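Protein chains in written order, with the working numbering: chain A, 11 to 496; chain B, 11 to 496.
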């Protein structure tokens, strides 16, 4: 890594900045296999915390984890008409195994609806077996030509929830409950505010009746689709004979939902909070929240400050802070500061010989509220007891900053496609308009502006207003949010 | 599942018993993809607890998690001579992706040494970058013709640790430290005692200099290889140019280790503790440690006992017990007892209308020490406060029972291959003999008895004695432990 070369600035080339910062923060690296990435410990540690938080939320809403096969018979994928249309072009296919050609090719799962609902059909007989609410943490494969670390790779890690219900309404409630879980997670943990709503017909999941989405604004003002939940209706249950005997003794098809988020969220975190120094990790996700750097010039000074650093580490750990001491001897303090800032650790504590005498330390925040001092000289005890609160404030401040940025780049009152184009080519961001619901309008917007309909914002999740006029002319029936997207 | 049919008894057909019990306990199920299994919530919940415990132990010994690609170029696998010989026959190969034939076929990882050390070569330049100690939780694929749930499936879940060190000695220490971690985990968590030692040349990992193993005795007296650690020497670092500049400024090849355990451990747990009623889950691994079954005949009785059950659940949860109430109305208590016994939940609590009046509950252990009462009528408060200790005793008792069984079927003093054969065909079990170290003796034992050399027991982990005479004649240089194996 050319770490000595200055980082590209976001405003000069956001895309180059992203690629550099992800590698320099040691989040991930390119692998020798085209389209596949290596997630390095710092990136994986962030993903682990995302997993833990989401997993707790899934369990609290009555889901259990299970594991289904990586390989799916080609014939399964082909059963649901829309599903195969969506996924076939991206499949990786195993044709040989154990030294022989297979009778039927197997595909590496691009998503697991087909294999999972074929098993549900075996397990579910009666309404008493419903609802069945499972989640799987897994790797999936969608062959991509143009890949970007975390945002679009052939293999990625994700979770996929799959549920079966006795009624359409229960499935609908599940679809929306999990949408709410995703939204809460993204705001509370990633400090990434999202606009939540329904996808249009052209943007919904291949095989779904309806798809809901969380859309986040990145610093280049593009939208990132951060997580989706799907009401699958009976589309898959009909193809896989997933039936149950109802309370009235009638054989019926079950109603399914599926929902997923992936390692893409790590990319979303980077593009929401990073700056021209490096990435910034929200404290709740940071594998290390505080790094302590002992400062000394002579060996005689070393013992004292390293001891004090260890002592501070233990005291902070006792307060529940994830903390480490960077006592590497071959790097000077400046190099350490630079490395941890690049990696986005929320706070560092510096301890030098003079601090020792004064029983104080220097606490430096990775970022601070506007106008606030970045460096605070604090008595040791105060630095320790206040740290949990500082971390919590840091977390909230990241969310506030991201929200304010999004609001500053949200545009309402746009009346025509020409005007929409002007906004997107000028300031950019999220543009809210009226929409008739006509897909032809959607096509025209896409063709003329390059933007897509990100979602029909949902009043249950945020305030919305339905303008009178459709952006494509005529009367509006709903609100639409448009943006250029990843 | 033919749940109404009686379970095959272990002594009649251990293998049939195993297959039935794994499915009836809803640990796993066969999938439509030959050789791949589905891990159901009860089985996955046990695996999750194994993962959490191991992961904590890995982190406590200085390892971090990362994630490497699922697909490996065929040419990588072919680089290390012994490695390719061991794994090539079992590879699953992706030849097409994204609608096109690939220029170079990609294999689904059977293990990740090659892809991981190719990345280490990129990251490691200096002795200051060492040691590098990473672990990966992942799925792997080894195409198998004859498969058994958990024990041998084409796809399985595992962890693989991969480390790089500056010296042979450090790598050796790492190999043995992780062996100790595995042994501790297997005894403390799975309550599965193991014999720990070195593999012979013919049984070591394809590509290793030396392999250590943990061998557990199943109830049919066969050995299960439960986990292995490998000192890889410089075999892979030479193939992947994994070099570093030493403190003296000399370019050297790094020393590697790798080590792994898999979902096979769930099978080991079943075959160590299960009985003719079902499986038995050690409390530390049980997703549910205590199930509360409210007992009532009339609706008027229902409210009171269900309320009490919920109250007991909350009180037990407050003591740190993983507990649930089974309040399904369509099953009678007997059916519930049977289901939870089959699934191996350590304790159930029964609460009926008469108990309510007496402020008592009935605590029933899944198994108890010889001669102890299985049922205890206890005051509610006592049942609550004593439960953590009961669970701990249950855990220890499982280990003791398994250890006693193993000792009862361990044979020493065997002097010849004929005698070895007699023991293996008669009582069976683990047989300890002297060994010259001559692989020809190993071959003869295998040909004549069907047993393999499980390990050369290690005095650092258990008491061993080296007999004077080799089982194949002549002088012994070491002790060997032989058994028929899974």
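Note that CB positions come from ideal geometry on N, CA and C, so glycine has one too. Source: prediction; values computed, not measured.
In chain order, what residues of the same chain lie with their CB nearer than 8 Å to the CB of residue i, ignoring the 5 residues before and after it?
| i | result |
| --- | --- |
| residue 97 of chain B | 87, 120, 121, 152, 216 |
| residue 214 of chain A | 220, 221, 240 |
Determine the DSSP secondary structure at residue i, reduced to helix, strand or coil.
| i | result |
| --- | --- |
| residue 10 of chain B | Any property of residue 10 of chain B remains undetermined from this structure, which presents chain B solely from 11 to 496. |
| residue 280 of chain A | helix |
| residue 82 of chain B | strand |
| residue 12 of chain B | The predicted model places residue 12 of chain B with a pLDDT of 44, which falls under 50 and marks its position as unreliable; any figure quoted below should be read in that light. Of the three classes helix, strand and coil, the one that applies to residue 12 of chain B here is coil, per DSSP. |
| residue 352 of chain A | helix |
| residue 107 of chain B | strand |
| residue 506 of chain A | The structure shown does not extend to residue 506 of chain A, since chain A is modelled only from 11 through 496, so no value can be given for it. |
| residue 115 of chain B | strand |
| residue 491 of chain B | strand |
| residue 146 of chain B | strand |
| residue 472 of chain B | coil |
| residue 245 of chain A | helix |
| residue 124 of chain B | helix |
| residue 305 of chain A | coil |
| residue 252 of chain B | coil |
| residue 385 of chain A | strand |
| residue 297 of chain A | coil |
| residue 262 of chain A | strand |
| residue 64 of chain A | helix |
Please name the residue, chosen from the options, that lies closest to residue i on a Cα-to-Cα basis.
| i | options | result |
| --- | --- | --- |
| residue 130 of chain B | B/76, B/94, B/164, B/373 | B/76 |
| residue 470 of chain A | A/200, A/257, A/205 | A/205 |
| residue 397 of chain B | B/415, B/407, B/375 | B/375 |
| residue 134 of chain B | B/107, B/176, B/365 | B/176 |
| residue 464 of chain B | B/249, B/209, B/401, B/67 | B/209 |
| residue 382 of chain B | B/149, B/393, B/407, B/360 | B/407 |
| residue 142 of chain A | A/461, A/154, A/148, A/266 | A/266 |
| residue 111 of chain B | A/100, A/68, A/145 | A/100 |
| residue 490 of chain A | A/446, A/272, A/106 | A/446 |
| residue 256 of chain A | A/155, A/283, A/137, A/344 | A/137 |
| residue 349 of chain B | B/287, B/106, B/70 | B/287 |
| residue 530 of chain B | B/199, B/281, B/458, B/364 | As displayed, chain B neither begins before 11 nor continues past 496, which places residue 530 of chain B out of reach and without an answer. |
| residue 405 of chain B | B/293, B/493, B/362 | B/293 |
| residue 353 of chain B | B/289, B/246, B/462 | B/289 |
| residue 409 of chain A | A/351, A/31, A/195 | A/195 |
| residue 81 of chain B | B/428, B/115, B/362, B/64 | B/115 |
So, at 7 Å on beta carbons, what are the nonlocal neighbours of residue i in its own chain, with the 5 sequence-adjacent residues on each side left out?
| i | result |
| --- | --- |
| residue 193 of chain A | 204, 206, 224, 471 |
| residue 41 of chain A | 47, 48 |
| residue 433 of chain B | 421, 424, 441 |
| residue 330 of chain A | 398 |
| residue 379 of chain A | 407 |
| residue 11 of chain B | Caution is warranted here: a pLDDT of 42 is assigned to residue 11 of chain B, below 50, making its placement in the model unreliable, and the coordinate value is therefore given only provisionally. Excluding residues within five positions, the ones whose Cβ falls inside 7 Å are 33, 34. |
Bridge partners for residue i per DSSP, in chain order?
| i | result |
| --- | --- |
| residue 4 of chain B | Within the shown structure, residues of chain B are numbered from 11 to 496, placing residue 4 of chain B beyond reach of any answer. |
| residue 151 of chain B | B/165 |
| residue 268 of chain A | A/172, A/240 |
| residue 234 of chain B | B/226 |
| residue 87 of chain A | Answer is none; residue 87 of chain A lacks a bridge partner. |
| residue 442 of chain A | A/491 |
Would you mind giving the Cβ-Cβ distance between residue i and residue j, rounded to the nearest angstrom? I have them listed as a contact below 8 Å.
| i | j | result |
| --- | --- | --- |
| residue 231 of chain A | residue 439 of chain A | 5 Å |
| residue 56 of chain B | residue 291 of chain B | 6 Å |
| residue 518 of chain B | residue 300 of chain B | Outside the shown range of chain B (11 to 496) lies residue 518 of chain B, about which nothing can therefore be said. |
| residue 390 of chain A | residue 322 of chain A | 7 Å |
| residue 527 of chain B | residue 372 of chain B | Past the boundaries of the shown model lies residue 527 of chain B; chain B is included only from 11 to 496, so the question cannot be answered. |
| residue 333 of chain A | residue 341 of chain A | Not really, about 19 Å apart at Cβ, beyond 8 Å. |
| residue 316 of chain A | residue 336 of chain A | About 11 Å separates the two Cβ atoms, so there is no contact after all. |
| residue 73 of chain A | residue 149 of chain A | Contact doesn't hold; Cβ gap of about 20 Å is too wide. |
| residue 168 of chain A | residue 271 of chain A | 6 Å |
| residue 180 of chain A | residue 449 of chain A | Contact flag wrong, Cβ pair sits at about 29 Å. |
Who are the Cβ neighbours of residue i in its own chain at under 6 Å, not counting the five residues just before and after it?
| i | result |
| --- | --- |
| residue 451 of chain B | 482 |
| residue 269 of chain A | 171, 188, 239 |
| residue 184 of chain B | 173, 267 |
| residue 93 of chain A | 216, 217 |
Could you check if residue i belongs to the surroundings of the ligand HEM, using beta carbon to heavy atom distance under 7 Å?
| i | result |
| --- | --- |
| residue 453 of chain B | Here there are no bound small molecules, and the ligand HEM is not part of this structure. |
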